[in-house]
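First up is the structure itself, then whatever we jot down about it.
Numbering (this note's numbering), first residue to last: 10 to 125.
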């Protein structure tokens, strides 16, 4: 599982309980959301999903799930993989459809398989 280093604790618990190797995308100074390019670069044949957050608990920022989906679709096609995306939308999932109705972040994207 890949996630950014600012992620809430659900993925830490998941990794511990299910003995999953957790890869964290390090955040850049002054940039508090995951860089989709860096995240996809970390994906390998053993990656079970990439987790994105919609509504960071620190800043409320949304990660670019659409770009993540597009980049991961390309990598999956090149490698013959089927790595999905999980979106942690606990903070932003309720407000996003009202404030940003055209934002693509949910099941409209083919690789988004789970939401929380």
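Beta carbons: idealized from backbone N, C-alpha and C, even for Gly.
- Tell me whether residue 92 is buried or exposed, calling it buried when 16 or more other Cβ atoms sit within 10 Å of its Cβ. buried
- Message: Could you give the first and the last residue of the continuous beta strand (DSSP E) run that contains residue 123?
- Response: 121-124
- Query: Candidates 61, 105 and 26: which alpha carbon is nearest residue 122's?
  - Reply: 61
- Task: May I have the straight-line CA-CA distance separating residue 27 from residue 108, to the nearest angstrom?
- Result: 36 Å
- N-terminal and C-terminal residue of the alpha helix (DSSP H) that residue 79 is part of: 74-88
- Item | Where residue 20 falls, given that 16 or more other Cβ within 10 Å makes a residue buried | buried
- For residue 66, does the count of other Cβ atoms within 10 angstroms reach 16, so buried, or fall short, so exposed? exposed
- Nearest-angstrom Cβ-Cβ length linking residue 49 and residue 80, presumed shorter than 8 Å: 4 Å
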